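Here is the structure we will look at, set down as structure tokens.
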Amino acid sequence: MAEDRIRIDKWLWHARFFRTRSIASTLVASGRLRLNGARMSKPGRAVGPGDVLTFPQGRAIRIVRIIACGTRRGSADEASLLYVDLDPGRSVPSVGAADE
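Put into structure tokens, the structure is as follows:
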């Protein structure tokens, strides 16, 4: 089905990682994005649920697993439903956890 796959650049824009689709396309074309560990340089490459993306955003390296493709660029709350952040440095500490 066509709904379970989407272009990398379009998904990055839907998920609100980049302000414009053009910026997302430029990042992918530069070869700085990895899809399931393999370097990608074609913004038109299709991705879907279960794929893992690794890419720079500002000074950080983002690692996310796609859980949905989305149908539009919605609010930040809607965008957060499209992926799971796999970066251990971004995880929220559990309640009651101590740094001792």
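Each residue of the sequence shown is one higher than the one before, starting from 1411 at the first, in the working numbering.
We treat Cβ as the ideally placed atom computed from N, Cα and C, and that holds for glycine.
Computed from a predicted structure; not experimentally measured.
DSSP places Ala-1489 in no beta strand (DSSP E) but in the uninterrupted alpha helix (DSSP H) bounded by 1486 to 1489. Bounds of any beta strand (DSSP E) do not take in Leu-1492, whose DSSP letter is neither H nor E. Beta-bridge pairing by DSSP links Arg-1417 to Ala-1456.
Ile-1433 sits in a helix when the DSSP states are folded into three classes. Going by beta carbons, Val-1474 and Asp-1495 fall inside the 8 Å limit.
Going by beta carbons, Leu-1445 and Arg-1429 fall outside the 8 Å limit. Residue burial is scored here from C-beta neighbours: Ala-1425 has at least 16 other C-beta atoms within 10 angstroms and is therefore classed as buried. Under the three-state reduction of DSSP output, Ala-1439 falls in the helix class.
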